[in-house]
Amino acid sequence: MQNLIPLSFLDEAKPTEISQLSSEDLRSLMERLNEMAECLKKRKTLLEDGLNLKFNQTAQDKLKLDGRDTGTIRFDDGAYTIVAEMPKKVVWDQEKLETIIDKIPAGERKHYVKATYAIDERKYLSWSDDLRKFFDEARSVHLGKPKFQIIDGGNE
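Each residue of the sequence shown is one higher than the one before, counting from 329 in this note's numbering.
In structure tokens:
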């Protein structure tokens, strides 16, 4: 069995040094890094799921108290402040959009919708109320994937 090049070699190596390695060594490094990346990805997902279970309901409750469904909210958890990003995720019903879009003159459609029947949220929000009401039946807003930070500064 061949001696493995330690992964720490990559911490200081230059691309030219790496390019001089044998294909066998390169493959070994790639396989070990890929295994580590997959393991790290699983662990990160598990941690994010735990953060979601721990903080999601509190974040949603705090947003509701603030009169919002989405956005960034801060709240304390012991000695830490939790910063929860609860992004807006808009989903458009493609069949309903197609029916609605067919009612708009062909030359005007490009001003309101993309070819994929996706509507840019910023453009939608800048439309007149009448035009928005026309499209509302095809639009639904869902919570995007929450993201949390744990920072110093909460109340103990």
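Every residue, glycine too, gets a C-beta built ideally from N, C-alpha and C.
Rounded to a whole number of angstroms, what is the C-alpha to C-alpha distance between residue 360 and residue 369?
On the sequence shown, residue 360 is found 32 positions in, with the first residue counted as 1. On the sequence shown, residue 369 is found 41 positions in, with the first residue counted as 1. Cα to Cα, residue 360 sits roughly 14 Å from residue 369.
Taking the alpha-carbon positions, what's the residue 380 to residue 335 distance?
Stepping through the sequence shown from its first residue, residue 380 is reached at position 52. Stepping through the sequence shown from its first residue, residue 335 is reached at position 7. C-alpha separation (whole angstroms): 33 Å.
Find out if the Cβ-Cβ distance for the pair residue 414, residue 387 is shorter than 8 Å.
Within the sequence shown, the letter at position 86 stands for residue 414. Within the sequence shown, the letter at position 59 stands for residue 387. Contact flag set, yes.
With distance defined between alpha-carbon atoms, name the residue in 465, 394 and 442 nearest to residue 424.
Counting from one through the sequence shown, the residue named residue 424 turns up at place 96. Checked all of 465, 394 and 442; the closest Cα to residue 424 is 465.
In the DSSP output, which residue or residues are listed as bridge partners for residue 399?
What you label residue 399 is simply residue 71 of the sequence shown in a count that begins at 1. Looking at the DSSP assignment, residue 399 forms a beta bridge with 414.
Nearest to residue 373 by alpha carbon, out of 398, 482, 473 and 411?
Translated into the one-based positions of the sequence shown, residue 373 becomes position 45. That would be 473, whose Cα lies nearest to the Cα of residue 373.
Would you list, in sequence order, the uninterrupted alpha helix (DSSP H) runs of no fewer than 4 residues that lie entirely inside the region 423-461?
Counting whole runs of 4 or more residues, the region 423-461 contains the alpha helix (DSSP H) stretches 434-437 and 449-454.
Buried versus exposed call for residue 478 [16 or more other C-beta atoms within 10 Å across all chains shown]:
Here residue 478 refers to the residue found at position 150 of the sequence shown. An exposed status is given to residue 478, since fewer than 16 other beta-carbon atoms sit within 10 Å of its beta-carbon.
Helix, strand or coil at residue 350 [DSSP, three-state]
The residue given as residue 350 occupies position 22 in the sequence shown. Under the three-state reduction of DSSP, residue 350 is assigned to coil, being neither helix nor strand.
Can you check which of these residues, 354, 395, 342 and 407, is closest to residue 331 by C-alpha distance?
The residue you call residue 331 lines up with position 3 of the sequence shown. Residue 331 has its Cα closest to that of 354, out of 354, 395, 342 and 407.
Note down the Cα distance separating residue 341 from residue 428, rounded to an integer number of angstroms.
Your numbering for residue 341 matches position 13 in the sequence shown. Your numbering for residue 428 matches position 100 in the sequence shown. Computed Cα separation, rounded: 58 Å.
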